[in-house]
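The numbering used here numbers the first residue of the sequence shown as -4 and each following residue consecutively. Glycine is no exception: its CB is placed at the ideal position from the N, C-alpha and C atoms. Written out below as structure tokens is the structure these notes cover.
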Amino acid sequence: MRCTEADVKPTAGLTLIEILIALALSLLVLGAAYALTTSTAQANAVLTTRSQLTNEATVASSLLSARLREACAVFPQNTAVTLPAGVAGTRNAANTTVWRVGTDPFVAFVVPASTAVSGSTPMMYAYYLLSRARYNEQMPAAQKIVAHSTETSQVLMEFEVPVTAAACTAPLTTLTTAPGTNAQALLLAEYVRAPTAAEPLFASESDQAVTYRLRFQKASGSSVTVLPVLSQTPIRAAIVGRNIR
């Protein structure tokens, strides 16, 4: 029996061109999915970093403002203050513990004894910046922080030490060398953007008021998040201590 053209049916299947088109479409879909995943991950990283910086900014500025409002004496601009060498976290970039108000990112003041705590004495506070490397050089292993080449932010330190009962009325020259007994230096904020000439960290004005300007910064991969952004003014306050004599 002879077969005719009508008896021959086409074979089902994909041609090479159809297979290549399907592969190309699959690659496009995979590429789009990868780009979306990467973009989402980057956005989440930025949000996480911004949230961390916001928390640091809130804690640091609130504590600093609260301390300054209680000040009874402020070390004037250009005053050299020597912190105790035996306290970890007091050495500056020059590897000394001598800090100068205005020249260095440093401010110091005295707060009177607390009326709510029996037997308390006045406290001397100092706030200053250290590079991450300088901080790690001085601190024990348990207190070291992550330091790598892409992270250029600095740490804000809080130094505190009890001083004599007459500290609020005696000349500040008696405190330019801070005592070492019961003194400590603590990390207050880990990601502070380095100050500039246009935006100094601290300024002691009229021996009474202190102005501070703060920005926070953290590297995340190839990007750097700054808070507040550079197009906005820094976190700023000019505070006169309510106990200034």
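Inset, instruction - Per DSSP, which residues does F197 bridge with? Please list them. - result: Counting from 1 along the sequence shown, the entry for residue 197 is found at position 202. Answer is Y207.
Legend entry - As assigned by DSSP and simplified to three states, the class of T172: In the sequence shown, residue 172 corresponds to position 177, counting from 1. Residue state for T172 is assigned as strand, using DSSP reduced to three classes.
Legend entry - Burial state of K213, where buried means 16 or more other Cβ atoms lie within 10 Å: Looking up residue 213 in the sequence shown gives position 218. It is buried - the Cβ of K213 has at least 16 other Cβ atoms within 10 Å.
Inset, instruction - Flag this pair as touching only if the region 153 to 173 and the region 128 to 137 have three or more C-beta atom pairs under 8 Å; answer yes or no. - result: no
Inset, instruction - Within the same chain, show all residues whose beta-carbon is closer than 7 Å to that of V235, passing over the 5 residues directly before and after it, in chain order. - result: Within the sequence shown, the letter at position 240 stands for residue 235. Q203, A204.
Inset, instruction - Put A214 into one of helix, strand or coil per three-state DSSP. - result: By one-based count along the sequence shown, residue 214 stands at place 219. Strand.
Inset, instruction - Over the uninterrupted alpha helix (DSSP H) stretch that includes E132, give me the two end residues. - result: Sequence index remark: in the sequence shown, residue 132 carries index 137 (1-based). Here the alpha helix (DSSP H) through E132 covers 127 to 133.
Legend entry - Element boundaries [beta strand (DSSP E), containing P100]: Within the sequence shown, numbered from 1, the residue matching residue 100 stands at position 105. Counting along the chain, P100 falls outside any beta strand (DSSP E), and DSSP gives it neither H nor E.
Inset, instruction - On a CA-only basis, which of E65, L20, V96 is nearest Q72? Give me that one, please. - result: The residue given as residue 72 occupies position 77 in the sequence shown. Comparing Cα-Cα distances from Q72 to each of E65, L20, V96, the minimum goes to V96.
Legend entry - Contact belief for A103 with Y120 at Cβ below 8 Å, rounded distance in angstroms: For the purposes of this step, residue 103 is taken as residue 108 along the sequence shown, with counting starting at 1. For the purposes of this step, residue 120 is taken as residue 125 along the sequence shown, with counting starting at 1. Rounded, the Cβ-Cβ distance is 7 Å, consistent with contact.
Inset, instruction - Count the CB pairs spanning the region 150 to 164 and the region 106 to 116 that are closer than 8 Å, and state whether there are at least three. - result: yes
Legend entry - Cβ pair L209, P195 closer than 7 Å: By one-based count along the sequence shown, residue 209 stands at place 214. By one-based count along the sequence shown, residue 195 stands at place 200. Cβ distance not < 7 Å, so L209 and P195 don't count as in contact.
Legend entry - Burial state of G84, where buried means 16 or more other Cβ atoms lie within 10 Å: Within the sequence shown, residue 84 is the residue found at index 89, counting from 1. The residue is buried, with at least 16 neighbouring Cβ atoms inside 10 Å.
Legend entry - Cα-Cα separation, F154 to L42: Within the sequence shown, numbered from 1, the residue matching residue 154 stands at position 159. Within the sequence shown, numbered from 1, the residue matching residue 42 stands at position 47. Roughly 32 Å separates the two Cα atoms.
Legend entry - Beta-ladder partner(s) of L182, from DSSP: The sequence position of residue 182 within the sequence shown is 187, counting from 1. Paired residues: M152.
Inset, instruction - Along the beta strand (DSSP E) that carries I230, what are the first and last residues, could you check? - result: Your numbering for residue 230 matches position 235 in the sequence shown. First-last of the beta strand (DSSP E) with I230: 230 to 235.
Inset, instruction - May I ask you to report which of helix, strand or coil DSSP gives V69? - result: On the sequence shown, position 74 is the one that residue 69 refers to. Three-state result, V69: strand.
Inset, instruction - Please state if the CB of A55 and the CB of V105 are separated by a distance shorter than 7 Å. - result: Residue numbering aside, residue 105 sits at position 110 when the sequence shown is read from its first letter. Residue numbering aside, residue 55 sits at position 60 when the sequence shown is read from its first letter. In this structure, V105 sits away from A55, with a CB-CB distance that is not shorter than 7 Å.
Legend entry - Assigned exposure category for A220 - 16 Cβ within 10 Å defines buried: Within the sequence shown, numbered from 1, the residue matching residue 220 stands at position 225. Note on identity: in this sequence residue 220 is Thr, with Ala being the wrong assignment. T220 sits buried, since 16 or more C-beta atoms from the chains shown fall within 10 Å of its C-beta.
Inset, instruction - Under the assumption that R188 contacts Y207 (Cβ atoms under 8 Å), give the Cβ distance between them as a whole number of angstroms. - result: Counting from 1 along the sequence shown, the entry for residue 188 is found at position 193. Counting from 1 along the sequence shown, the entry for residue 207 is found at position 212. Not a contact, Cβ separation roughly 13 Å.
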